[in-house]
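Below: one structure, written as structure tokens.
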Ligand code: FE
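Written as structure tokens, this is what we have:
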């Protein structure tokens, strides 16, 4: 470990924390300048990076973009609105992400995926989930990890139920397109929940990574999700809201819901919560795509040349090379991040382990400094207000 690496690590940490560091301005400027040089290999140079695509449109290519809650590409599937907020074509085939809204009784029959890893998080209402022979009752914030070749099904129990489904690769989305019809609404049309025709299930099997198995949605008393332990290997599991491997940096609480060990490096999913605070330092990643889905509160995000207001249900995708930063703006803000591939796991793992379930009200310490310098992050500036809000000089 060289002195240069250690100092660089402290600088990165300070910027991510939004803290002033002992290094002082001189070191900060020289280190940032050298990192800007590192970033110059980005095609067109840093100054040529485009802004986030206009809200409401999926880009159809792997570039940074931003969607307001409800926006995306929507299909009506058996009485549920399946809204793509990321298709394979928007992510370089790294992942697909849908937000599924429906009413009481809406269901997806038992099925499995041969190669796709799927993760589910409940956003509103109650959901019954059948997963690998177990029958769960899930509420907002509960999480399920569904490895390939795992039988699963769900049924909605509330009049307004919403969940998100995140999957690696590009082979799941065609299932919803085949089972459903293009839809311009944002909520399901009525209380009537039509069954999905068997012929459509067969068609979906032809075009997507899905196999339906005709297992009945049996069992009268699903068990409320209580598990608090993240497994150490790939297996089906559920996690109760607020659980998972928890760490803290400053006043923010990170909860790892799935990681490299549980998804074969495909879906690193981390919940971040905290109070209002400063914008973290602008940075970018060389190897991994990072995503932000706001669950509670309010955030700001900087993404290339755009400063975005991010509210519950809003989504921002920042592929590798996108200059970004975020700021929590409400007394309680929570967002879900999915990072793929999972090379940034050690950022969270090197933070301070935390046993509590609320964010620290007295800021805690930071991660392992030496580890920080080894991670997939290039820092571009010291923390401070975003440019659009910077105070004018007299
Ligand atoms: Fe980042």
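Residue numbers (the numbering used here): 117 to 510.
From the three backbone atoms N, C-alpha and C, an ideal C-beta is built for every residue, glycine too.
Query	Result
DSSP-derived helix/strand/coil call for residue 390	strand
C-alpha distance - residue 160 paired with residue 402, whole-angstrom precision	Low local confidence applies: a pLDDT of 44 at residue 160 is under 50, so the model's placement there is unreliable, and no value is given.
Residue 461 CB to nearest heavy atom of the ligand FE below 7 Å	no
Which residues DSSP lists as bridging residue 198, in chain order	191 and 216
Range of the contiguous beta strand (DSSP E) that encloses residue 426	422-426
Beta carbon nearer than 6 Å to a non-hydrogen atom of the ligand FE	399, 401, 406 and 440
Buried/exposed call for residue 398, threshold 16 Cβ in 10 Å	buried
For residue 208, the three-state DSSP class (helix, strand or coil)	coil
Residue closest to residue 258, alpha-carbon to alpha-carbon, out of 355, 241, 286 and 360	355
One or two residues paired with residue 226 in a DSSP bridge	In DSSP, residue 226 forms no bridge with anything.
Under 8 Å between C-beta atoms of residue 335 and residue 272	no
Proximity of residue 388 and residue 210 at Cβ, strictly below 8 Å	no
Neighbourhood of residue 91 by C-beta, 6 Å cutoff - its chain only, sequence neighbours within 5 removed	The structure shown does not extend to residue 91, since the chain spans only 117 to 510, so no value can be given for it.
Burial state of residue 421, where buried means 16 or more other Cβ atoms lie within 10 Å	exposed
Residues sharing a beta bridge with residue 431, DSSP	183 and 409
Stretch-stretch touch, CB-based, cutoff 8 Å, three pairs: the stretch 272-281 with the stretch 310-325	no
Three-way DSSP call (helix, strand, coil) for residue 324 in this model	coil
Exposed unless 16 or more other CB atoms sit within 10 angstroms - verdict on residue 223	buried
Beta-carbon proximity check, residue 414 vs residue 390, cutoff 8 Å	no
Cβ-Cβ distance between residue 454 and residue 384 below 8 Å	yes
Close-in-space but distant-in-sequence residues of the same chain around residue 339 (CB under 8 Å, 5 per side omitted)	250, 251, 252 and 253
Closest residue to residue 358 among 467, 474, 492 and 202 (Cα-Cα distance)	474
Cβ contact (3+ pairs, closer than 8 Å) linking the stretch 347-354 and the stretch 321-336	no
6 Å Cβ shell around residue 371 - same chain, five flanking residues per side excluded	360, 362 and 387
Straight-line gap, residue 237 to residue 492 (C-alpha atoms, nearest Å)	26 Å
Inter-residue spacing [alpha-carbon to alpha-carbon] between residue 264 and residue 425	36 Å
Under the three-state DSSP convention, the category residue 240 falls into	strand
Cβ neighbour criterion (16 or more within 10 Å) applied to residue 318	exposed
Residue 314 - DSSP class collapsed to helix/strand/coil	helix
Residue(s) in a DSSP beta bridge with residue 416	425 and 443
Burial state of residue 494 (16 or more Cβ within 10 Å)	buried
Continuous beta strand (DSSP E) assignments of at least 3 residues falling wholly in the stretch 347-385	353-355, 361-365 and 368-374
Boundaries of the alpha helix (DSSP H) in which residue 294 is found, first to last residue	289-295
Given residue 430 as reference, the closest of 285, 450, 231 and 325 once Cα atoms are compared	450
Residues near residue 464 by beta carbon distance below 7 Å, same chain, minus five either side	363, 370, 372 and 386
7 Å Cβ shell around residue 303 - same chain, five flanking residues per side excluded	197 and 217
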